[in-house]
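Peer 1: Under UniProt numbering, residues 1 to 121 are what the sequence shown spells out, in order.
Note that CB positions come from ideal geometry on N, CA and C, so glycine has one too.
My structure is below; once you've seen it, I'll send some questions.
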Amino acid sequence: VADGFSQPLGVETNAPGVIGPASPRGGGAANRGIPRQDTGARERARLFEQLPKVTGGIREELGSSSAVAEVLGQIVDDITNQYLVTYARPVGLAPAEELEVKVTRRRHRVRSTPARAVGVR
Numbered sequence: 001v002a003d004g005f006s007q008p009l010g011v012e013t014n015a016p017g018v019i020g021p022a023s024p025r026g027g028g029a030a031n032r033g034i035p036r037q038d039t040g041a042r043e044r045a046r047l048f049e050q051l052p053k054v055t056g057g058i059r060e061e062l063g064s065s066s067a068v069a070e071v072l073g074q075i076v077d078d079i080t081n082q083y084l085v086t087y088a089r090p091v092g093l094a095p096a097e098e099l100e101v102k103v104t105r106r107r108h109r110v111r112s113t114p115a116r117a118v119g120v121r
């Protein structure tokens with residue numbers, strides 16, 4: 001597998017809709033880990049829906065190849081105009097229950113990923 005994992009992304013050998021190991025009644029071990037056609041598209045769609053939520057990114061669906069140039073332009077604009085803002089409360093203070101971030105310009109967006117403790121021992 002090109003990505004170095006033993007199974008293709010999103011495919012577990014014991015997941016529903018995946019053909020398991022050979023049984024005494026027949027079937028073949030060669031099919032192990034291969035998703036059935038009816039669940040493959042659903043699993044792929046679920047994965048593509050979850051990735052932007054987990055990473056803080058976005059997903060663009062293109063209706064045609066003519067839209068590629070516009071989307072690539074948006075990506076370039078995002079990359080060249082992004083800032084990483086971090087915040088840490090001083091040691092000893094109780095963690096805030098909520099942190100709010102706002103922008104003053106309508107055309108700007110705030111995207112985030114779930115908070116992770118960094119350097120905490």
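Spatial neighbours of residue 68 within its chain, please: CB distance less than 7 Å, with the 5 preceding and 5 following residues excluded, ordered by chain position.
Peer 2: Residue numbering aside, residue 68 sits at position 68 when the sequence shown is read from its first letter. Hits under 7 Å: 62.
Peer 1: Please check the pair residue 56 and residue 112, which I expect to be a contact at CB under 8 Å, by giving their CB distance rounded to whole angstroms.
Peer 2: Within the sequence shown, residue 56 is the residue found at index 56, counting from 1. Within the sequence shown, residue 112 is the residue found at index 112, counting from 1. Indeed they touch by this definition, with Cβ atoms about 5 Å apart.
Peer 1: For residue 110, collect the residues of the same chain with a Cβ closer than 8 Å to its Cβ; drop the 5 residues on either side in sequence, then sort them by chain order.
Peer 2: The residue labelled residue 110 in the question sits at position 110 within the sequence shown. Excluding sequence neighbours, residue 110 sits near 101, 102 and 103.
Peer 1: Take residue 86 and list the residues in its own chain whose beta-carbon comes closer than 7 Å to its own, dropping the five residues that flank it on each side.
Peer 2: Here residue 86 corresponds to residue number 86 of the sequence shown, with the count starting at 1. Here the set comprises nothing.
Peer 1: DSSP on residue 82, reduced to helix/strand/coil?
Peer 2: Position 82 of the sequence shown, counted from the start, is the residue given in the question as residue 82. Reduced to three states, the DSSP call for residue 82 is coil.
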